[in-house]
Structure formats: structure tokens, C-alpha cells
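Colleague: What follows is a single structure, and I will ask about it in a moment.
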Amino acid sequence: MRIMRDTRILLRTGAVPALLLAAAAIAAVTATATAAGGTAPAGAAGPDFQYVGQDDRVHGLTAPKGCVAAEGGGSRPVTNHTRGTTTFYREPGCAGAPVERLGPGTVTQVRPYFASVRFSVTG
3 MRIMRDTRIL
13 LRTGAVPALL
23 LAAAAIAAVT
33 ATATAAGGTA
43 PAGAAGPDFQ
53 YVGQDDRVHG
63 LTAPKGCVAA
73 EGGGSRPVTN
83 HTRGTTTFYR
93 EPGCAGAPVE
103 RLGPGTVTQV
113 RPYFASVRFS
123 VTG
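In C-alpha cells:
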């Protein structure tokens, strides 16, 4: 999935609200699945966790667990639709002091960057 040049510029300046970014990513994933001959699941809302990386790409994870590397170098808008708290670290392997913690259902900016994320275990 490619984000148009103008959108990337807006993302770099932080002018795009995270909710709009999430909606655009979900629409693009649904359109890609439909164009490929598949169908999006009924009521699908997209990944449980997503962020825009330093590579200007939208990254998403479904049902993440434990410590996960932030592919593309995490930064900027983050959407946590998991049922647990996410903890962000600047170091790979969830090492060092946490940069930020987000509760379930949180959409925010995590700056300047994060290299890994720990997902709390939920029942």
C-alpha cells in the first residue's frame, strides 16, 4: 500500500489526525482485498494496533502478544485497539525505560520514535 505524496508530507508535519489516518488505512486494506478478488470480513475494523513508521508506511498488527519489534521504526500516529495496555520502548527487545504507555482504545502521537512495543496479556 502506498500513501500518496501529499499525504506523506502532511504526515511528516503531523497535520493529519490519527483517526483520519486509521480510517484511510482501513479503507485501503479493504480496497486491496476486494481488488485482489477477496472480500473483507463483515464488520472488520482493521488491525488491532497500527502506527505510521519512520518509513512513511502504515503498519498494522492483529492480536499482537508480548514484545514486538516496530517494523519501519515506529513514530507519529499510533492506534491501540487491543484490549490491553501497550508500552513503547526506544530500544529493540523492549529494553530500557518506557517512552509511553497507552491504554485500550487510545489514539495518539508517540514521539520522537519507538523501536519495540510490549503488549499486555489479556484474558
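Per my numbering, the sequence shown starts with residue 3, numbered consecutively.
The beta-carbon is built from N, C-alpha and C at its ideal position, and this holds for glycine as well.
1. Decide if residue 49 is buried, meaning its Cβ has at least 16 other Cβ atoms within 10 Å, or exposed.
2. Looking at C-alpha atoms only, which residue of 68, 98, 77, 106 is the closest neighbour of residue 120?
3. Name the DSSP beta bridge partners of residue 71, please?
4. Taking the alpha carbon of residue 123 as the point to measure from, which residue in 78, 73, 65 has its own alpha carbon closest?
5. So what's residue 49 in DSSP terms, helix, strand or just coil?
6. For residue 78, write down the residues that DSSP places opposite it in a beta bridge.
Modeller: With the given structure in hand:
1. Here residue 49 refers to the residue found at position 47 of the sequence shown. With 16 or more Cβ atoms within 10 Å of its Cβ, residue 49 is classed as buried.
2. If you number the sequence shown from 1, residue 120 lands on position 118. In terms of Cα proximity to residue 120, the closest of 68, 98, 77, 106 is 68.
3. For the purposes of this step, residue 71 is identified with residue 69 of the sequence shown, where counting begins at 1. Beta-bridge pairing by DSSP links residue 71 to 118.
4. In the sequence shown, the residue the question calls residue 123 occupies position 121. Residue 123 has its Cα closest to that of 65, out of 78, 73, 65.
5. Within the sequence shown, numbered from 1, the residue matching residue 49 stands at position 47. If DSSP states are grouped into helix, strand and coil, residue 49 belongs with coil.
6. Here the question's residue 78 lines up with position 76 in the sequence shown. For residue 78, which the question treats as bridged, DSSP gives the partners 112.
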